[in-house]
Amino acid sequence: MVDLAQSQVPPGHDGGTRRDFLILTAGALAGIGAACATWPFIDSLNPARDTLALSTTEVDLAPVQTGQRLTVAWRGKPIFIDHRPPEEIKAAQEVDVASLRDPEPDAKRVKKPEWLVMIGVCTHLGCIPLGNKPGDDRGQYGGWFCPCHGSVYDTSGRIRQGPAPLNLVIPPYEFTSDTAIKIG
Amino acid sequence: MAVPPASTPASGLSRLVRWIDYRLPVFSLLEHELVVYPTPKNLNYWWNFGSLAGIILVIMIVTGVVLAMHYTPNADLAFDSVERIMRDVNYGWLLRYIHMNGASLFFLIVYIHMFRGLYYGSYKYPRELLWILGVVILLLMVATAFMGYVLPWGQMSYWAATVITNLFSAIPVVGNKIVTLLWGGFTVGNPTLNRFFSLHYLLPFIIVAVVGLHLLALHQHGSNNPLGIDHRGPQDTIPFHPYYTVKDSFGLCVALLVLALFVFYAPNFFTSPDNYIPANPMVTPNHIVPEWYLLPYYAILRSITFDFLGIPSKLLGVLLSLGSLIVLFFVPWLDTSRVRSARFRPVYRWISWILVIDVIALGYVGSQPPAGFVVTLGQVSTFYYYLHFLVLMPLIGKLERPHPLPISIGTAVLEASGQLGAARTAERH
C-alpha cells in the first residue's frame, strides 16, 4: 500500500510530480506519433504518380474557323478553345473591369486576342458550362452558361452572373507555332 | 427465447440455453430488452418507424452484400457490371431494385421517425443523447446514400459526385487541395469510384454500431410516448412482447407492401433516366437533381445567390446547407419548453406542421430549375427553416401556455376509453 502522506505535495512545490511529467510527455509523444502515422493513410488518397504523369495535350488550331469553339481533353477535364470573332473580342475588352466579380482585363486572359483557352469547368461546383457547341445556350453575355446552377460567363470566360465566385480558369499553355498550342 | 428458470424440469434444449446463458448472457439480454422490456401502453403508430428503420437497414445490408459480389468498382467496367446485374445475374434486377427503392424507403421512414421525435419532444431530458445519436445516423445515411448513388457510374452518378465533392472547394485556402484529395486525381475518376465503393461498404456497419448505441440510450430510460409524460410504474406499461412485436410486425408488413409496389410496378420511379447513360466527363446533363431525400439540402445550397457579411455566396450556401442538419444537434437545447408532447402545446403543435410544409417546399424547389419564382420560394423557405429552429423554438417554449398534463399514462388511457369513470363509480359503491 502507498502511504498517502508520502504522496502529498511538499510546501513550495507547484503540484506537478515526476509521475505527472512522465504521463504528460509519454502521452504527448504518443499523440504526435499517432498523428504522424495517419499521414500515409491520408496521403495515399492524393493523386498517384501515374495520375500526375498525365501531363500535356497538344492541339492543332489550323482547322478551327473564326467563331468556332472547340473542346479538347486535358487531365480528364474539358478545355474550351474559342476562336473569337472581332465583335466578341471587342465586347470582352470594353467591359469596365472594376464592375466584375473577379476583376481581370481580357488582355490578361489571352496570349493572342483571337484565341481564348480555358478550363471548361464551372468555378461554382464543377459542372461543364454550355456554349461550346453550336445551338447551345450561351447566356446573356454571349459567352458560356452553366445549366446546373445558372452561372453566366462572358466572351472572356469571366463570371458575370450566378453563384460562381471566379472566372473560368486559364490553364498553363503556350503557342508552339502560330497555329498550335501545348496545354500543360 | 426466454431463459428457463432453474426450477423448470430440464429438457435438452432448455439445458443448452441455460448452459450458454450462464457463460454468455445473450438470451437474458434478448429477454430483458425485447420480451419483458416495459413499454408505455399508449404508443401510437408513429412509434412503429424506429424498429422499421432497423429492419430496412438489415435489408439494405443483405442486398448490398450480394450486389457487391457482382459489381466491379472500376470506371471502365462499373456501368456494364450494373447492366449485367440487371440482365444476366439471376434475380439481379430484384436485388438491385430492392436496394435502390429500399434506400428511398429508408429515408422516408427515418424522416417520419425524426418528425415523430420533433412533434412529441422525444429529444428532451433525459433523451438528448438518444436524439443526437439519431442525427449522427442521419448524417452517416446521407454520406452512404450519396456514395452508393455514384457506384453505377451513370451520368447522374458522375455529376452528383462532381457537384458534391466540389462543395469542399468553398472552404477558404485549402478547399481545392481537399477536393483533389477526395478525388485522388484532377477530376472525379477511377480512384474516386474505388474509394467511394470502399466507404459505401464500410459506413453501413458504422451505422449499425451507432444504432446499437441509439438503442442502448433508448432502453436506459425507455420510449417516450404520445403524452410525453414519464411512466411511473407497471400500471403505465406493457411488456414489449407480444404487444409491440405484433404491432411492429403489422407495420413491417405494410412497409414491405409499399416497397414491393415500387420494386415490381415502378422500380425507376425515384431515379433519373440520365443515370442509364454511361458517365461522360465532357458533358454535364442539362438538369442535375439529387435523389428526392436530398432535395431540401440541395435547395438551400442553391438558394444562396448573394454574398452576406463578407462571406461569398458559394461558401454561405454550403454552410447553410450543412447547417440545416447540424442545427438538429442543438434541438434539445433550442426547445425551451418543459412539456414534451405537442399535444399539450397549442402553438408548437402548429409550427411543427408548418415545418413539414416548409421542408416539402424546399424539396420542390430543389427539384426545379433555379429561375424566377422558384429562387424566391427557396430563399423564403430556407429563411423559415432557420427561423423555426433558431427563433420560434426557443421563443414559443417561453411564451406559450401549455394545456394541463394528465396525472399518469394509466389514467389518461383509461379516461380515453371511458373505463376510469366506471372504475371510480365502482369504487364508490
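For the record, the sequence lines run as chains D and F.
Start counting the first sequence at 1405; every next residue gets the next number (my numbering).
Start counting the second sequence at 2; every next residue gets the next number (my numbering).
Cβ coordinates follow ideal geometry from the N, Cα and C atoms, glycine included.
All values derive from a computational prediction rather than experimental measurement.
Under 8 Å between C-beta atoms of residue i and residue j
i: L434/F; j: V136/F; result: In the structure as shown, chain F starts at 2 and stops at 430, and residue 434/F therefore has no counterpart that could be examined.
i: I86/F; j: L68/F; result: yes
i: G367/F; j: Y299/F; result: yes
i: L194/F; j: P74/F; result: yes
i: S353/F; j: L119/F; result: yes
i: L1346/D; j: T1580/D; result: Outside the displayed span of chain D (1405 to 1588) sits residue 1346/D, for which this structure offers no information.
i: G411/F; j: D237/F; result: yes
i: L53/F; j: I110/F; result: yes
i: H222/F; j: R128/F; result: yes
i: V1468/D; j: I1585/D; result: no
i: F28/F; j: V37/F; result: no
i: A1495/D; j: G1543/D; result: no
i: G395/F; j: T337/F; result: The sequence as given places Pro at residue 395/F; Gly does not occur at that position. Yes, they are a contact pair.
i: R341/F; j: K42/F; result: no
i: S304/F; j: V376/F; result: yes
i: H201/F; j: I138/F; result: no
Environment of residue i [buried if 16+ CB atoms lie within 10 Å]
i: D81/F; result: exposed
i: T40/F; result: buried
i: M1/F; result: Not covered by the structure: residue 1/F. The range shown for chain F is 2 to 430.
i: I397/F; result: buried
i: A413/F; result: buried
i: I361/F; result: exposed
i: W20/F; result: exposed
i: M1405/D; result: Since pLDDT at M1405/D reaches only 47, below the 50 mark, its modelled position is unreliable, and the value read off the structure follows with that caveat. The residue in question, M1405/D, is exposed, as its Cβ has fewer than 16 Cβ neighbours within 10 Å.
i: K1512/D; result: exposed
i: M2/F; result: Because M2/F carries a pLDDT of 49, less than 50, the predicted location of this residue cannot be relied on, and the following value inherits that uncertainty. By the neighbour-count rule (16 or more Cβ atoms within 10 Å), M2/F is not buried but exposed.
i: S199/F; result: exposed
i: R339/F; result: exposed
i: E1578/D; result: exposed
i: K399/F; result: exposed
i: N287/F; result: exposed
i: T163/F; result: buried
i: P153/F; result: buried
i: C1552/D; result: buried
i: A261/F; result: exposed
i: Y245/F; result: buried
i: R429/F; result: With a pLDDT of only 47 at R429/F, under the threshold of 50, the placement of this residue in the model should not be trusted, and no figure is reported.
i: V174/F; result: exposed
Closest Cα partner of residue i within the set the options
i: L302/F; options: G324/F, I113/F and L17/F; result: G324/F
i: G186/F; options: L1449/D, G1420/D, A1584/D and A1502/D; result: L1449/D
i: P1567/D; options: G1554/D, E1498/D and G1471/D; result: G1554/D
i: I1587/D; options: G1530/D, R1562/D, K1515/D and K1537/D; result: K1515/D
i: L50/F; options: L219/F, D336/F, I113/F and F241/F; result: Residue identity check: residue 50/F is Phe in the sequence provided, not Leu. For F50/F, the nearest C-alpha among the options comes from I113/F.
i: T1461/D; options: T1455/D, W1478/D, R1453/D and D1454/D; result: W1478/D
i: D1510/D; options: L1529/D, R1562/D and A1452/D; result: R1562/D
i: L1529/D; options: L141/F, L257/F and T166/F; result: T166/F
i: A79/F; options: V381/F, F116/F, N276/F and P243/F; result: N276/F
i: L391/F; options: L356/F, Y244/F and E416/F; result: L356/F
i: P1451/D; options: V180/F, Y46/F and M142/F; result: V180/F
i: L106/F; options: L228/F, M142/F and H71/F; result: M142/F
i: I239/F; options: S15/F, N226/F and F251/F; result: N226/F
Proximal chain F residues relative to residue i, where beta-carbon distance stays under 8 Å
i: G1480/D; result: G186, F187, T188, G190 and P282
Interface residues of chain D facing residue i [CB-CB closer than 8 Å]
i: G379/F; result: Here the premise fails: no neighbours, minimum Cβ distance about 12 Å.
i: S273/F; result: Result: empty, since nearest Cβ-Cβ is about 14 Å, beyond 8 Å.
i: K399/F; result: The contacting residues do not exist; K399/F stays about 38 Å from chain D at best.
i: H288/F; result: P1551
i: A372/F; result: G1554
Partner residues on chain F for residue i, Cβ-Cβ distance less than 9 Å
i: A1477/D; result: P282 and M283
Chain F contact residues for residue i, given Cβ-Cβ distances below 7 Å
i: C1440/D; result: Near C1440/D there are no residues of chain F at all, since even the closest Cβ is about 17 Å away, more than 7 Å.
i: L1449/D; result: L182, G185 and R196
i: P1507/D; result: Here the premise fails: no neighbours, minimum Cβ distance about 15 Å.
i: T1461/D; result: Under the 7 Å cutoff, chain F gives no residues; its nearest Cβ is about 12 Å from T1461/D.
Residue i: contacting residues in chain D (beta-carbon distance under 7 Å)
i: L168/F; result: L1529
i: V164/F; result: L1529, G1530, C1531 and C1552
i: T306/F; result: P1567
Listed by chain order, chain D residues near residue i by CB distance under 9 Å
i: N195/F; result: Neighbours of N195/F on chain D: none; closest Cβ ~10 Å, over 9 Å.
The stretch 331-347 of chain F / the stretch 399-407 of chain F touching (three or more Cβ pairs under 8 Å):
yes
Please confirm if the stretch 56-74 of chain F is in contact with the stretch 97-107 of chain F, defined as three or more CB-CB distances below 8 Å between the two stretches.
yes
Using a Cβ distance threshold of 8 Å, determine whether the stretch 199-210 of chain F contacts the stretch 371-388 of chain F, with at least three qualifying pairs required.
no
Between the stretch 277-290 of chain F and the stretch 157-167 of chain F, are three or more C-beta pairs nearer than 8 Å?
yes
Does the contact criterion of 3 or more C-beta pairs under 8 Å hold for the stretch 1515-1528 of chain D versus the stretch 1477-1489 of chain D?
yes
Report yes or no: do the stretch 181-199 of chain F and the stretch 307-314 of chain F share at least 3 C-beta pairs separated by less than 8 Å?
The stretch 181-199 of chain F, when compared against the stretch 307-314 of chain F, does not touch it at the 8 Å Cβ threshold.
Between the stretch 1521-1534 of chain D and the stretch 1561-1581 of chain D, do at least 3 Cβ pairs fall closer than 8 Å?
yes
Would the stretch 1527-1543 of chain D count as touching the stretch 1430-1450 of chain D if we require 3 or more Cβ pairs under 8 Å?
no
Are at least three pairs of beta-carbons, each pair with one atom in the stretch 142-155 of chain F and one in the stretch 226-236 of chain F, less than 8 Å apart?
Flag = no, the stretch 142-155 of chain F and the stretch 226-236 of chain F do not touch.
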